[in-house]
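For reference, the structure is listed below as structure tokens.
6 protein chains.
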Amino acid sequence: MSEAKSTGIGKIAISLAISDYNDDKIIELYQKKGYSLIKGHVGAMDASKIFAAVETAVFRQNIIKENYHEEHALYHAISEAFNGYCRGPVALESVLRTTGLVFTVVRGNLSVSDKKNGEWIAVVLYGLIGSPRRGFEHEAIGMGIQSI
Amino acid sequence: MSEAKSTGIGKIAISLAISDYNDDKIIELYQKKGYSLIKGHVGAMDASKIFAAVETAVFRQNIIKENYHEEHALYHAISEAFNGYCRGPVALESVLRTTGLVFTVVRGNLSVSDKKNGEWIAVVLYGLIGSPRRGFEHEAIGMGIQSI
Amino acid sequence: MSEAKSTGIGKIAISLAISDYNDDKIIELYQKKGYSLIKGHVGAMDASKIFAAVETAVFRQNIIKENYHEEHALYHAISEAFNGYCRGPVALESVLRTTGLVFTVVRGNLSVSDKKNGEWIAVVLYGLIGSPRRGFEHEAIGMGIQSI
Amino acid sequence: MSEAKSTGIGKIAISLAISDYNDDKIIELYQKKGYSLIKGHVGAMDASKIFAAVETAVFRQNIIKENYHEEHALYHAISEAFNGYCRGPVALESVLRTTGLVFTVVRGNLSVSDKKNGEWIAVVLYGLIGSPRRGFEHEAIGMGIQSI
Amino acid sequence: MSEAKSTGIGKIAISLAISDYNDDKIIELYQKKGYSLIKGHVGAMDASKIFAAVETAVFRQNIIKENYHEEHALYHAISEAFNGYCRGPVALESVLRTTGLVFTVVRGNLSVSDKKNGEWIAVVLYGLIGSPRRGFEHEAIGMGIQSI
Amino acid sequence: MSEAKSTGIGKIAISLAISDYNDDKIIELYQKKGYSLIKGHVGAMDASKIFAAVETAVFRQNIIKENYHEEHALYHAISEAFNGYCRGPVALESVLRTTGLVFTVVRGNLSVSDKKNGEWIAVVLYGLIGSPRRGFEHEAIGMGIQSI
Chain A
1 MSEAKSTGIG KIAISLAISD YNDDKIIELY QKKGYSLIKG HVGAMDASKI FAAVETAVFR
61 QNIIKENYHE EHALYHAISE AFNGYCRGPV ALESVLRTTG LVFTVVRGNL SVSDKKNGEW
121 IAVVLYGLIG SPRRGFEHEA IGMGIQSI
Chain B
1 MSEAKSTGIG KIAISLAISD YNDDKIIELY QKKGYSLIKG HVGAMDASKI FAAVETAVFR
61 QNIIKENYHE EHALYHAISE AFNGYCRGPV ALESVLRTTG LVFTVVRGNL SVSDKKNGEW
121 IAVVLYGLIG SPRRGFEHEA IGMGIQSI
Chain C
1 MSEAKSTGIG KIAISLAISD YNDDKIIELY QKKGYSLIKG HVGAMDASKI FAAVETAVFR
61 QNIIKENYHE EHALYHAISE AFNGYCRGPV ALESVLRTTG LVFTVVRGNL SVSDKKNGEW
121 IAVVLYGLIG SPRRGFEHEA IGMGIQSI
Chain D
1 MSEAKSTGIG KIAISLAISD YNDDKIIELY QKKGYSLIKG HVGAMDASKI FAAVETAVFR
61 QNIIKENYHE EHALYHAISE AFNGYCRGPV ALESVLRTTG LVFTVVRGNL SVSDKKNGEW
121 IAVVLYGLIG SPRRGFEHEA IGMGIQSI
Chain E
1 MSEAKSTGIG KIAISLAISD YNDDKIIELY QKKGYSLIKG HVGAMDASKI FAAVETAVFR
61 QNIIKENYHE EHALYHAISE AFNGYCRGPV ALESVLRTTG LVFTVVRGNL SVSDKKNGEW
121 IAVVLYGLIG SPRRGFEHEA IGMGIQSI
Chain F
1 MSEAKSTGIG KIAISLAISD YNDDKIIELY QKKGYSLIKG HVGAMDASKI FAAVETAVFR
61 QNIIKENYHE EHALYHAISE AFNGYCRGPV ALESVLRTTG LVFTVVRGNL SVSDKKNGEW
121 IAVVLYGLIG SPRRGFEHEA IGMGIQSI
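These protein sequence lines map, in sequence, to chains A, B, C, D, E and F.
Each residue of the first sequence is one higher than the one before, starting from 1 at the first, in this note's numbering.
Each residue of the second sequence is one higher than the one before, starting from 1 at the first, in this note's numbering.
Each residue of the third sequence is one higher than the one before, starting from 1 at the first, in this note's numbering.
Each residue of the fourth sequence is one higher than the one before, starting from 1 at the first, in this note's numbering.
Each residue of the fifth sequence is one higher than the one before, starting from 1 at the first, in this note's numbering.
Each residue of the sixth sequence is one higher than the one before, starting from 1 at the first, in this note's numbering.
In structure tokens:
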């Protein structure tokens with residue numbers, strides 16, 4: 001996996017989300033450049049579980065400090081990512097659909113070459129969304145980026 | 001870039017969208033597996049130009065037939081991708097923001113190992129969105145997938 | 001065209017909107033039951049023209065009094081009808097689509113057998129929506145009902 | 001009930017939805033022209049039940065094949081119809097409202113005179129929506145049309 | 001608290017909502033000018049409880065007559081207020097957030113100096129919204145105004 | 001105007017927005033407590049002008065530093081405020097409505113007694129929204145609060 005000087009925090013989070021075998025390499029590569037990265041997965045028909053899974057993982061791995069100032073930025077990043085993931089009504093169960101997804105959270109500069117815009121957090125949700133019936137589902141992706 | 005047996009049409013479109021140097025390799029790899037792929041770019045404060053740029057590129061490169069049945073699927077895929085890209089109000093100029101993005105369109109099976117669910121089209125928009133002021137922007141991504 | 005005792009103001013407005021040859025019969029039938037009805041048409045890529053066309057027709061034919069109390073109810077009925085017509089982003093031009101539609105406005109009781117709930121206004125938009133290219137369009141309908 | 005040469009699939013679905021006594025006639029008339037039509041009803045405060053009721057009826061009566069390619073088109077048609085029916089927040093219970101409605105699903109050409117645009121599916125929801133209190137409700141309609 | 005001649009029904013409802021110690025004074029002041037005013041509070045993760053709390057308080061204090069014509073206007077005012085309060089997805093629990101708020105409802109003229117536009121109802125929701133964790137919350141406000 | 005110990009940044013911004021004669025007093029009172037406050041007004045049918053007016057006033061009065069980290073928080077606060085102000089489609093001109101409003105921006109702690117959650121920015125829009133016809137308008141309010 002090559003990487004441009006201008007690689008953004010979003011591309012880092014997307015790359016990690018769609019990576020099949022290179023998770024450790026991606027994480028190591030960008031940790032060296034000062035980023036914090038995590039990847040997890042969650043399956044849910046109840047959307048709130050996605051928010052909870054991402055928040056829990058982030059706090060457990062100390063990606064953000066457990067204060068409201070930072071949690072607020074994280075919440076908005078998750079909310080935007082989920083909004084983009086849903087592409088319409090921001091809902092799962094009530095519109096009879098379910099999802100299984102991986103999430104990635106990356107904290108650091110806006111891009112690997114940016115030093116002047118402070119810290120940001122990127123949340124990516126990538127997975128399968130569809131009817132609650134095996135195989136009746138297709139991929140979706142959503143990303144939210146917030147200053148932190 | 002390795003690739004799992006189950007690589008989905010969405011992951012193909014995302015990979016091509018965030019690729020810096022491997023466009024030709026990705027396109028060649030998946031053309032061999034029966035996919036049609038294109039990549040283009042467009043900058044706009046007027047959202048309709050993004051729809052127009054994707055439609056024009058798709059027709060010019062014969063990704064879909066120029067009939068309404070297929071164009072309708074394409075339109076919905078673009079619309080969902082743009083909705084996800086915007087993560088809230090589906091608007092650019094009226095909420096004082098602008099964007100420069102690359103788009104990818106992939107047509108083929110739902111995944112490289114799927115043969116029974118017919119043809120689909122995936123549209124990915126990936127780029128920078130922000131205030132109409134240089135450098136005041138961050139990344140965004142949106143994807144729409146439709147049966148065709 | 002038969003008619004149930006419980007025919008609602010919405011069904012009256014829908015019937016008139018989708019009628020091909022029976023406009024006069026429908027209007028006469030329900031005028032006798034105390035309703036005011038109008039039907040018009042408008043084509044537009046600029047959504048505000050739809051609002052303007054309905055408002056103008058309503059005022060010109062004295063369906064509502066030209067005061068803000070009644071205009072506010074009419075506006076909300078048009079807005080809901082247009083929202084339903086769009087089935088997603090409440091937009092035309094910015095998402096590269098255009099429409100040609102007929103609109104109907106009906107004022108009167110909630111249903112032909114209802115006397116105790118006061119006056120209401122129903123607005124129906126029914127037409128073709130699609131790409132700005134002849135024949136690349138399908139039908140849509142939207143309805144808003146407000147107390148007045 | 002007269003019928004224009006250009007009667008669209010949407011108008012067929014709307015006519016059947018608002019018909020009081022002519023269901024069999026409408027169904028027979030359009031079956032002869034190559035359409036499949038069904039009509040059912042469902043009452044729910046939980047929106048997912050509306051999706052489930054339509055899907056179940058469609059599969060039971062073989063309007064679409066039980067594969068994901070066709071189910072996906074049906075799901076989007078239901079989703080758009082429900083979106084239009086709600087005219088704002090795509091929700092029932094959480095915004096304290098409930099509904100009782102009839103649904104119609106029609107499969108066939110875009111219009112009775114169209115032969116070149118392939119098959120489409122139209123879903124109409126028409127009923128009463130309002131507070132969970134008898135009589136505190138008014139009519140609503142929503143329609144979604146998808147290529148299939 | 002001084003007051004301009006043109007004070008609107010919205011400003012009255014907002015003032016009462018954010019008032020800490022002056023509730024009685026505000027209520028008395030505007031009752032003399034012909035307004036009906038109530039203030040209540042509700043805490044909920046389930047959004048429907050907010051709708052129910054406002055409706056119940058309004059009926060119990062006879063701000064509106066318990067018929068559908070007036071209840072419909074009230075419902076729309078609550079719905080708009082809640083929409084504004086949420087500033088995005090019109091949801092609480094499903095996007096993992098909760099709220100505690102005060103609500104005010106004011107019925108009367110559009111402004112204290114307006115006599116020609118009939119009666120209106122204003123609903124304001126003002127409170128704290130955030131994660132279901134003590135102190136992880138910030139203020140929000142929403143207002144809906146309807147003719148009645 | 002009395003003030004509770006727990007007065008929040010949102011209540012400060014709302015109070016200043018609806019104040020008729022006490023602007024200087026409110027500004028002075030909260031400047032002493034460490035807040036920065038501004039108030040301005042803008043009339044527009046083009047929504048982007050509202051965003052531009054608030055941003056320009058904020059930069060001109062040095063409420064935030066002119067870097068992207070802070071501008072991003074401001075943009076989101078304006079966007080949420082405008083979303084709440086619109087209470088539905090986030091649009092003005094395209095749905096044939098216009099507005100004249102005052103805006104306030106307050107920067108400082110989440111509440112006057114809070115010291116541990118860092119700095120925040122609150123944006124309030126309060127004004128009249130309606131048809132582009134004098135007097136056919138009612139009040140609206142929207143508020144967005146972001147960590148900065």
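Cβ coordinates follow ideal geometry from the N, Cα and C atoms, glycine included.
Where residue i falls, given that 16 or more other Cβ within 10 Å makes a residue buried
i	result
N83(D)	buried
K115(C)	exposed
G8(C)	buried
S147(B)	buried
H72(E)	buried
G127(B)	buried
G142(C)	buried
K65(D)	exposed
N62(E)	exposed
Y35(E)	buried
E28(A)	exposed
Contact list for residue i against chain C, beta-carbon separation under 7 Å
i	result
N83(D)	R87, G88
V54(F)	Under the 7 Å cutoff, chain C gives no residues; its nearest Cβ is about 22 Å from V54(F).
Residue i in three-state terms, based on DSSP
i	result
I78(C)	helix
Y21(A)	coil
T56(F)	helix
I63(C)	coil
S131(D)	coil
G84(A)	helix
S113(D)	coil
E119(F)	coil
H44(C)	Before going further, note that residue 44(C) is Ala rather than His in the sequence given. Reduced to three states, the DSSP call for A44(C) is strand.
K49(F)	helix
I14(B)	helix
K33(B)	coil
S6(A)	coil
A91(E)	coil
8 Å Cβ cutoff, residue i in contact with chain C
i	result
G118(E)	yes
L125(D)	no
Within chain A, the residues that residue i reaches when beta carbons sit closer than 7 Å
i	result
K147(F)	According to the sequence displayed, residue 147(F) carries Ser and not Lys. Chain A residues near S147(F): H69, H72, A73.
K11(B)	I18, E139
L37(B)	Within chain A, no residue comes near L37(B); the closest Cβ sits about 16 Å away, beyond 7 Å.
Cutoff 8 Å: residue i Cβ touching any chain D Cβ
i	result
S48(E)	yes
F51(E)	yes
Contact with chain E by residue i, beta-carbon distance below 8 Å
i	result
S2(A)	Model confidence at S2(A) stands at a pLDDT of 41, short of 50, so the residue's coordinates are unreliable and nothing is read from them.
L101(F)	no
G8(F)	yes
Residue i at chain B interface by Cβ criterion, 8 Å
i	result
A91(C)	yes
I14(A)	yes
Beta carbon proximity, residue i to chain A, threshold 8 Å
i	result
L96(E)	yes
S79(D)	yes
G144(B)	yes
S131(E)	yes
L29(B)	no
Within chain F, partners of residue i - CB distance below 9 Å
i	result
G153(B)	With chain B covering only 1 through 148, there is no way to say anything about residue 153(B).
Within chain C, partners of residue i - CB distance below 8 Å
i	result
G135(F)	Y68
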